[in-house]
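Reading through the structure tokens given below for one structure.
In the working numbering, the protein residues as written are 9 to 76.
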């Protein structure tokens, strides 16, 4: 997205709001207890002018990259 991630929290708990693919690569191995990611669901709904309408095969390839 080109934006810097936003971080909230303290030493024990941190929330990172940013691009999941970019931010996950920065985390040390075995340093996370929970990851919550909200990927687009490619349902064609209009979200403030952003309409996710990917070709199904491209969407599935991208989604597997996110959840792998």
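Just so it is clear, CB atoms sit at the ideal spot from N, CA and C, and this is done for glycine as well.
All of these numbers come straight from a predicted model, not from anything done at the bench.
Helix, strand or coil: which one does DSSP assign to residue 72? Counting from 1 along the chain shown, the entry for residue 72 is found at position 64. In this structure, residue 72 counts as helix in the three-state DSSP scheme.
Grab me the residues of residue 9's own chain with a C-beta within less than 7 Å of its C-beta, minus the 5 sequence neighbours each way, in chain order. As a position in the chain shown, residue 9 is number 1, starting the count at 1. Note on residue 9: pLDDT 46, under 50, position unreliable in the model; no value is reported.
Coil, strand or helix - residue 23 by DSSP: Residue mapping note: residue 23 aligns to position 15 of the chain shown, counting from 1. Residue 23: strand per DSSP, three-state reduction.
Residue span of the beta strand (DSSP E) that contains residue 17, given as start and end: The residue labelled residue 17 in the question sits at position 9 within the chain shown. Taken as a continuous stretch (DSSP letters only), the beta strand (DSSP E) holding residue 17 covers 14 to 17.
Do you know offhand how far residue 13's Cα is from residue 24's? Numbered from its first residue, the chain shown carries residue 13 at position 5. Numbered from its first residue, the chain shown carries residue 24 at position 16. Between the C-alpha atoms of residue 13 and residue 24 there is a straight-line separation of about 7 Å.
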